[in-house]
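*Asks:* The structure that follows is given in the form of C-alpha coordinates.
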Amino acid sequence: MEDIAILPLALTVMLGPQILVGMLLITRKDPIKSSLIYILAIVSTLIFTTYIYYSIANTTSLHKASIGGKPIIKYFLIALFIFLIIRSIVNRKKITEPPKWMQGISTSSLSKIFLIGFSLIAFMPTDIAIAFTVGNILNSESSSFTSALPFFGAVLCISMLPLLLYFSLGSNGSKKLEKVNIWLNTHGYVINVIVFSFFIFLLI
1 MEDIAILPLA LTVMLGPQIL VGMLLITRKD PIKSSLIYIL AIVSTLIFTT
51 YIYYSIANTT SLHKASIGGK PIIKYFLIAL FIFLIIRSIV NRKKITEPPK
101 WMQGISTSSL SKIFLIGFSL IAFMPTDIAI AFTVGNILNS ESSSFTSALP
151 FFGAVLCISM LPLLLYFSLG SNGSKKLEKV NIWLNTHGYV INVIVFSFFI
201 FLLI
(Lines of atoms letter the chains of each structure in order from A and count residues from 1; the text may use other names and numbers.)
(Lines give C-alpha, C1' and ligand atoms only; values in the text may rest on other atoms or scores of the structure.)
Protein backbone atom coordinates (compact mmCIF):
# COMPACT_ATOMS: atom_id res chain seq x y z
CA MET A 1 0.00 0.00 0.00
CA GLU A 2 1.08 3.55 -0.64
CA ASP A 3 2.30 5.09 2.60
CA ILE A 4 0.53 8.36 1.78
CA ALA A 5 -2.87 6.63 1.94
CA ILE A 6 -2.41 4.71 5.19
CA LEU A 7 -3.03 7.52 7.71
CA PRO A 8 -6.09 9.04 5.97
CA LEU A 9 -7.60 5.56 5.60
CA ALA A 10 -6.99 4.78 9.27
CA LEU A 11 -8.37 8.15 10.40
CA THR A 12 -11.55 7.62 8.41
CA VAL A 13 -12.07 4.22 10.02
CA MET A 14 -12.01 5.70 13.52
CA LEU A 15 -13.60 9.13 13.07
CA GLY A 16 -17.22 9.33 14.14
CA PRO A 17 -18.95 6.99 16.61
CA GLN A 18 -15.92 4.67 16.62
CA ILE A 19 -13.69 7.15 18.47
CA LEU A 20 -16.62 8.55 20.48
CA VAL A 21 -17.32 5.12 21.96
CA GLY A 22 -13.65 4.75 22.85
CA MET A 23 -13.76 8.04 24.73
CA LEU A 24 -16.95 7.12 26.57
CA LEU A 25 -15.40 3.85 27.73
CA ILE A 26 -12.78 5.61 29.82
CA THR A 27 -15.57 6.98 32.03
CA ARG A 28 -16.56 3.47 33.10
CA LYS A 29 -15.54 1.75 36.33
CA ASP A 30 -13.42 -0.65 34.26
CA PRO A 31 -11.92 1.70 31.63
CA ILE A 32 -8.87 -0.43 30.85
CA LYS A 33 -10.62 -3.78 30.45
CA SER A 34 -13.57 -2.38 28.48
CA SER A 35 -11.29 -0.29 26.25
CA LEU A 36 -9.08 -3.27 25.42
CA ILE A 37 -12.17 -5.36 24.56
CA TYR A 38 -13.40 -2.59 22.30
CA ILE A 39 -10.02 -2.14 20.59
CA LEU A 40 -9.83 -5.90 19.99
CA ALA A 41 -13.29 -5.84 18.40
CA ILE A 42 -12.40 -2.87 16.16
CA VAL A 43 -9.10 -4.22 14.85
CA SER A 44 -10.09 -7.89 14.50
CA THR A 45 -13.32 -6.99 12.66
CA LEU A 46 -11.48 -4.62 10.33
CA ILE A 47 -8.91 -7.30 9.47
CA PHE A 48 -11.70 -9.82 8.85
CA THR A 49 -13.84 -7.56 6.64
CA THR A 50 -10.86 -6.27 4.69
CA TYR A 51 -9.72 -9.84 4.03
CA ILE A 52 -13.20 -10.72 2.74
CA TYR A 53 -13.19 -7.83 0.24
CA TYR A 54 -9.57 -8.55 -0.67
CA SER A 55 -10.38 -12.21 -1.35
CA ILE A 56 -13.48 -11.35 -3.39
CA ALA A 57 -11.54 -8.90 -5.56
CA ASN A 58 -8.66 -11.35 -5.93
CA THR A 59 -10.90 -14.28 -6.87
CA THR A 60 -13.16 -12.39 -9.28
CA SER A 61 -10.43 -10.07 -10.64
CA LEU A 62 -12.86 -7.25 -9.94
CA HIS A 63 -10.04 -4.74 -9.83
CA LYS A 64 -9.24 -5.55 -13.48
CA ALA A 65 -12.80 -5.12 -14.76
CA SER A 66 -13.08 -2.28 -17.28
CA ILE A 67 -15.33 -0.71 -19.89
CA GLY A 68 -13.64 0.86 -22.88
CA GLY A 69 -10.28 0.40 -21.19
CA LYS A 70 -11.36 2.35 -18.10
CA PRO A 71 -11.35 0.52 -14.73
CA ILE A 72 -14.89 0.13 -13.37
CA ILE A 73 -13.88 -0.17 -9.71
CA LYS A 74 -11.91 3.08 -9.81
CA TYR A 75 -14.90 5.12 -10.94
CA PHE A 76 -17.21 3.20 -8.63
CA LEU A 77 -15.04 4.23 -5.67
CA ILE A 78 -14.92 7.85 -6.84
CA ALA A 79 -18.73 7.89 -7.09
CA LEU A 80 -18.99 6.24 -3.66
CA PHE A 81 -16.74 8.82 -2.00
CA ILE A 82 -18.64 11.68 -3.66
CA PHE A 83 -21.84 10.18 -2.27
CA LEU A 84 -20.29 9.95 1.23
CA ILE A 85 -19.14 13.59 1.02
CA ILE A 86 -22.65 14.75 0.09
CA ARG A 87 -24.13 12.51 2.81
CA SER A 88 -21.78 13.94 5.44
CA ILE A 89 -22.64 17.54 4.51
CA VAL A 90 -26.39 16.94 4.29
CA ASN A 91 -26.52 15.17 7.67
CA ARG A 92 -24.17 17.54 9.51
CA LYS A 93 -26.96 19.48 11.29
CA LYS A 94 -28.84 16.34 12.29
CA ILE A 95 -26.06 15.27 14.64
CA THR A 96 -26.37 17.26 17.85
CA GLU A 97 -25.91 14.59 20.49
CA PRO A 98 -24.76 10.96 20.73
CA PRO A 99 -27.41 8.37 19.75
CA LYS A 100 -29.38 6.62 22.49
CA TRP A 101 -27.51 3.32 22.11
CA MET A 102 -24.26 5.16 22.92
CA GLN A 103 -25.64 6.66 26.12
CA GLY A 104 -25.87 3.25 27.83
CA ILE A 105 -22.25 2.29 27.26
CA SER A 106 -21.24 3.11 30.83
CA THR A 107 -23.31 0.15 32.08
CA SER A 108 -23.01 -2.22 29.11
CA SER A 109 -21.52 -5.69 29.53
CA LEU A 110 -18.13 -6.47 28.01
CA SER A 111 -19.77 -8.79 25.46
CA LYS A 112 -22.05 -5.95 24.34
CA ILE A 113 -19.07 -3.63 24.03
CA PHE A 114 -17.39 -6.17 21.75
CA LEU A 115 -20.59 -6.42 19.71
CA ILE A 116 -20.75 -2.63 19.42
CA GLY A 117 -17.16 -2.52 18.16
CA PHE A 118 -17.89 -5.30 15.66
CA SER A 119 -21.04 -3.59 14.39
CA LEU A 120 -19.40 -0.17 13.99
CA ILE A 121 -16.79 -1.64 11.65
CA ALA A 122 -18.78 -4.35 9.87
CA PHE A 123 -21.92 -2.34 9.07
CA MET A 124 -20.95 1.35 8.91
CA PRO A 125 -21.04 2.59 5.27
CA THR A 126 -17.76 4.50 5.64
CA ASP A 127 -15.88 1.52 7.08
CA ILE A 128 -17.30 -0.83 4.47
CA ALA A 129 -16.04 1.59 1.83
CA ILE A 130 -12.59 1.78 3.45
CA ALA A 131 -12.24 -2.01 3.81
CA PHE A 132 -13.30 -2.39 0.18
CA THR A 133 -10.84 0.32 -0.90
CA VAL A 134 -7.92 -1.31 0.92
CA GLY A 135 -8.77 -4.70 -0.59
CA ASN A 136 -8.88 -3.13 -4.04
CA ILE A 137 -5.58 -1.25 -3.54
CA LEU A 138 -3.82 -4.45 -2.50
CA ASN A 139 -5.08 -6.30 -5.58
CA SER A 140 -4.34 -3.41 -7.92
CA GLU A 141 -0.73 -3.35 -6.67
CA SER A 142 -0.51 -7.18 -6.77
CA SER A 143 0.35 -7.07 -3.06
CA SER A 144 -0.24 -9.76 -0.47
CA PHE A 145 -2.75 -9.21 2.32
CA THR A 146 0.09 -8.71 4.80
CA SER A 147 0.98 -5.48 2.97
CA ALA A 148 -2.01 -3.96 4.78
CA LEU A 149 -0.38 -4.49 8.20
CA PRO A 150 0.78 -0.83 8.42
CA PHE A 151 -2.83 0.23 7.84
CA PHE A 152 -4.13 -2.09 10.58
CA GLY A 153 -1.33 -0.87 12.85
CA ALA A 154 -2.34 2.76 12.26
CA VAL A 155 -5.97 1.93 13.13
CA LEU A 156 -4.77 0.18 16.28
CA CYS A 157 -2.76 3.24 17.34
CA ILE A 158 -5.68 5.62 16.73
CA SER A 159 -8.13 3.34 18.56
CA MET A 160 -5.80 3.35 21.57
CA LEU A 161 -5.68 7.16 21.83
CA PRO A 162 -8.59 7.49 24.31
CA LEU A 163 -6.96 4.93 26.61
CA LEU A 164 -3.56 6.61 26.31
CA LEU A 165 -5.16 9.96 27.12
CA TYR A 166 -6.81 8.36 30.13
CA PHE A 167 -3.38 7.34 31.45
CA SER A 168 -1.78 10.70 30.67
CA LEU A 169 -4.54 13.06 31.84
CA GLY A 170 -5.42 11.26 35.05
CA SER A 171 -8.64 12.00 36.92
CA ASN A 172 -9.40 15.10 34.83
CA GLY A 173 -9.18 13.15 31.60
CA SER A 174 -12.88 12.38 31.27
CA LYS A 175 -13.86 16.05 31.61
CA LYS A 176 -11.37 17.18 28.99
CA LEU A 177 -12.32 14.40 26.60
CA GLU A 178 -15.99 15.28 26.98
CA LYS A 179 -15.31 18.56 25.17
CA VAL A 180 -13.50 16.66 22.41
CA ASN A 181 -16.47 14.29 22.21
CA ILE A 182 -18.89 17.17 21.71
CA TRP A 183 -16.78 18.70 18.95
CA LEU A 184 -16.29 15.41 17.10
CA ASN A 185 -19.97 14.59 17.35
CA THR A 186 -21.01 17.88 15.75
CA HIS A 187 -18.04 18.72 13.49
CA GLY A 188 -16.50 15.34 12.63
CA TYR A 189 -18.07 15.60 9.17
CA VAL A 190 -15.49 18.28 8.28
CA ILE A 191 -12.65 15.79 8.67
CA ASN A 192 -14.60 13.16 6.71
CA VAL A 193 -15.13 15.57 3.82
CA ILE A 194 -11.41 16.43 3.73
CA VAL A 195 -10.33 12.79 3.86
CA PHE A 196 -12.84 11.61 1.24
CA SER A 197 -11.75 14.44 -1.06
CA PHE A 198 -8.16 13.29 -0.59
CA PHE A 199 -9.14 9.75 -1.64
CA ILE A 200 -10.82 11.07 -4.78
CA PHE A 201 -7.64 13.02 -5.60
CA LEU A 202 -5.55 9.84 -5.20
CA LEU A 203 -7.90 7.82 -7.40
CA ILE A 204 -7.93 10.46 -10.12
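For the sequence shown, the working numbering begins at 1 and goes up steadily by one.
We put the beta carbon where it would ideally sit given N, CA and C, even for glycine.
Quick caveat: nothing in here was measured; it's all calculated off a predicted structure.
1) Less than 8 Å between C-beta atoms, sequence neighbours within five positions excluded: which residues of the same chain meet that for N192?
2) Given that a residue counts as buried once 16 or more other Cβ atoms are within 10 Å of its Cβ, and exposed if not, what is I72?
3) So, do the segment 43-63 and the segment 134-145 have three or more beta carbon pairs nearer to each other than 8 Å?
4) So which of S159, S168, V190 has the shortest CA-CA distance to G22?
5) So, are the CB atoms of I113 and I19 less than 7 Å apart?
6) Taking the alpha helix (DSSP H) that M124 falls in, what are its first and last residues?
7) Can you find a heavy atom of the ligand NAD that lies under 6 Å from the Cβ of L15?
8) List the whole-angstrom C-beta distance separating V134 from L9, where the pair is believed to meet the contact cut-off of C-beta under 8 Å.
9) Tell me which residues share the same chain as A57 and place their Cβ nearer than 6 Å to its Cβ, disregarding the 5 neighbours each side in the sequence.
10) Output needed for S106: all residues of its chain with C-beta closer than 8 Å, excluding positions within five of it in sequence on either side, in chain order.
11) Taking only three categories from DSSP, how would you classify N91?
*Replies:* Working from what's here:
1) Against the sequence shown, residue 192 aligns to sequence position 192. The residues are T12, L15, G16, L84, I85, S88, T126.
2) Position 72 of the sequence shown, counting from 1, holds the residue named residue 72. I72 should be labelled exposed.
3) yes
4) Here residue 22 refers to the residue found at position 22 of the sequence shown. Comparing Cα-Cα distances from G22 to each of S159, S168, V190, the minimum goes to S159.
5) As a first step, residue 113 must be located in the sequence shown, where it is residue number 113. As a first step, residue 19 must be located in the sequence shown, where it is residue number 19. In this structure, I19 does not lie closer than 7 Å to I113 by Cβ.
6) Taking the sequence shown and counting its residues from 1, the one referred to as residue 124 is at position 124. Segment: none, M124 is in no alpha helix (DSSP H) and carries neither H nor E.
7) Among the components of this structure there are no ligands whatsoever, and the ligand NAD is therefore not found.
8) Stepping through the sequence shown from its first residue, residue 134 is reached at position 134. Stepping through the sequence shown from its first residue, residue 9 is reached at position 9. Confirmed, Cβ separation roughly 6 Å.
9) One-based indexing of the sequence shown puts residue 57 at position 57. Only H63, G135, N136, N139 meet the Cβ criterion.
10) Your numbering for residue 106 matches position 106 in the sequence shown. So the list reads L24, T27, R28, once near-sequence residues are dropped.
11) In the sequence shown, the residue the question calls residue 91 occupies position 91. In the structure shown, N91 sits in coil (DSSP, three-state: anything other than H, G, I, E or B).
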